[in-house]
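Here the structure is laid out as structure tokens; the discussion comes afterwards.
Residue numbers (our numbering): 64 to 437.
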């Protein structure tokens, strides 16, 4: 009985603390923003973002640069990830700080973009001290966008990464068809030919910590290249299209109705959603990893299905360490909120390219959605 009481007290204490956070945030007008929590990760001091987009084919890369000391963490949930240096972010490993995160198109070939960012940062004397030189720490992850456009041999390379690094600044992040979002698409249950255009999105939320009397920011930058559909407040808004290409298919309904004939859906490795969460709070590597794990909840709210064998979903988290915070749970909860809204913005800010209409080119009335029958 005593054990139950102690657990109950612990739960009540957590809820009380959480309510205190939310109450103070609302009371101070911190959360009184519009529906999508607009905002950019560059609103956090010390964070720069740069893009490089290919003109020959829809693809590109985006770099998030830490112009200050950043602690990093990562959580990989997709079954087909393409990554670089993510093992360094394990809390058990020695390197504590991150200099940049690269998100790139081009599948495995796009990982070369991180080499360009590494070169750029080395020239700027940024990196981990190693003997007589500095070694930039640049984890990276890629999306599969080789099916968008006419020439899959055109991919982001080291020069793309270098250019994105040189272009990085703290201006509000451009969203939609830019950088890594240039070739992003969604809704691939039937095939890539029935997909829709997506892109890059950003959102942020501020929350006051009554214990430390500080207001911390949690922001997210997300490229949405999911196999599944996109939902806004549980309403299907984008994703796989019907065979005639004119309406939304509704992937879940299609799978339920199709039954055993959907064995070949979602070709392995053809999708991926990547996110970089940034906070100005003081966090450890272990806490950064936990925030990354919790931020995946934002994927699950806005994408369905998600984390499939076709996806290589990854969430990075960076902490600039500017402000003390007493409740890491709230950072994780708000990270999921920022990620969810950034996903929606990525879809709503995208513009169509040949063969891939955006949300603006397709009728989105609920009555226009197909019942999912194959």
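Just so you know, even glycine gets a beta-carbon here, dropped at the ideal spot from N, CA and C.
Residue burial is scored here from C-beta neighbours: residue 276 has fewer than 16 other C-beta atoms within 10 angstroms and is therefore classed as exposed.
In the three-state scheme derived from DSSP, where H, G and I count as helix and E and B as strand, residue 146 is classed as strand.
Counting only runs that start and end inside the stretch 211-282, the beta strand (DSSP E) elements of at least 3 residues fall at 263-272. With distances taken between CA atoms, residue 132 lies nearest to 162 out of 162, 154 and 409.
Beta-bridge partners of residue 395 (DSSP): none assigned. DSSP, read as helix, strand or coil, puts residue 206 in coil. DSSP, read as helix, strand or coil, puts residue 347 in coil. The continuous stretches of beta strand (DSSP E) do not include residue 305, and DSSP gives it neither H nor E. Under the three-state reduction of DSSP, residue 196 is assigned to strand. Contact between the stretch 260-276 and the stretch 383-403 is established, with three or more Cβ pairs separated by less than 8 angstroms. In this structure, the straight-line span from the alpha carbon of residue 305 to that of residue 205 is close to 28 angstroms. Cβ neighbours of residue 294 within its own chain (closer than 7 angstroms, five residues either side excluded): 300, 365 and 367.
Shown here, residue 179 sits in a helix according to DSSP, grouped into three states. Taken atom to atom, the span from the alpha-carbon of residue 229 to that of residue 335 is near 26 angstroms. In the DSSP annotation of this structure, the continuous segment of the beta strand (DSSP E) that includes residue 162 starts and ends at 160-167. Here residue 421 carries a coil assignment [DSSP, helix/strand/coil].
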